[in-house]
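Numbering (the numbering used here), first residue to last: 143 to 221. Here is the structure we will look at, set down as structure tokens.
This is how it looks when you write it as structure tokens:
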């Protein structure tokens, strides 16, 4: 019983949660997986017949082939 009480007082390891994945940083702009997925789903970029649609859309965004230029809403400017 005493051992159980002592074990309950020990700190527990925190559990990490992946919120988003950074795919690239292009000209100081962060491109995340959710950005690429949204661009594809909204029709801003089309993967064509690529075997990896995420790579095709991310590659197009990295080359500047954007239908609409926008800043990442969570981007932080560092001076």
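No residue lacks a Cβ here, since even glycine has one placed at the ideal position from N, Cα and C. Here the structure is a predicted model, which means the values were calculated and not measured.
{"Query": "When you compare only the Cα positions, how much space is there between residue 147 and residue 181?", "Result": "52 Å"}
{"Query": "Measuring CA to CA, which of 178, 184, 155, 185 is closest to residue 163?", "Result": "178"}
{"Query": "Excluding the 5 residues flanking residue 198 on each side, which residues of the same chain have their C-beta closer than 6 Å to its C-beta?", "Result": "189, 192"}
{"Query": "If you draw a straight line from the C-alpha of residue 145 to the C-alpha of residue 151, how long is it?", "Result": "10 Å"}
{"Query": "Please classify residue 179: does DSSP put it in a helix, a strand, or coil?", "Result": "helix"}
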